[in-house]
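This report concerns only the one structure given below.
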Amino acid sequence: RLGRVHPQWSADLFFSETEWAGAFILNKKKPPTKVPTIREVIRLIAQLGGFLARKGDGEPGVKSLWLGIQRLRDFASGVEHMREIGHVM
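Position 23 of the sequence shown, counted from 1, bears residue number 23 in this note's numbering, the numbering being contiguous throughout.
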């Protein structure tokens, strides 16, 4: 809901850098150097869950967000584990 009410807020208020950058990487996009908005990251996460993000699609629903969050969390956990064992990404 915050992505709809305050779409301009910075994504780092809710996501770690690993998470928001991971949303870009998993969507085959280069992560920006500047922290993106919460709306941009939420839409990328929803796309991981099947949201098509077409021009007239509106905002993503709960199911696509939930599925996307699961994928993103798995990715971020893997990256964090690699950092812990010394394989820095």
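Think of the CB as a built atom: it goes at the ideal place given N, C-alpha and C, for glycine as much as any other residue. Just so it is clear, the structure is predicted and the values come from calculations on it, not from any experiment.
Check: Where do the N-terminal and C-terminal ends of the alpha helix (DSSP H) with residue 2 fall, by residue?; Outcome: 2-5
Check: Does the segment 19-33 come into contact with the segment 50-61, if we say contact requires no fewer than three beta-carbon pairs (one atom in each stretch) closer than 8 Å?; Outcome: no
Check: Write down the C-beta distance between residue 46 and residue 64 rounded to the nearest angstrom, noting that I regard them as a contact closer than 8 Å.; Outcome: 4 Å
Check: What are the residues that DSSP puts in a beta bridge with residue 33?; Outcome: Its beta-bridge partners do not exist; DSSP assigns none.
Check: Report the partner residues of residue 10 according to the DSSP bridge assignment.; Outcome: 37
Check: Give the single residue among 3, 31, 18 whose Cα lies nearest to the Cα of residue 83.; Outcome: 18
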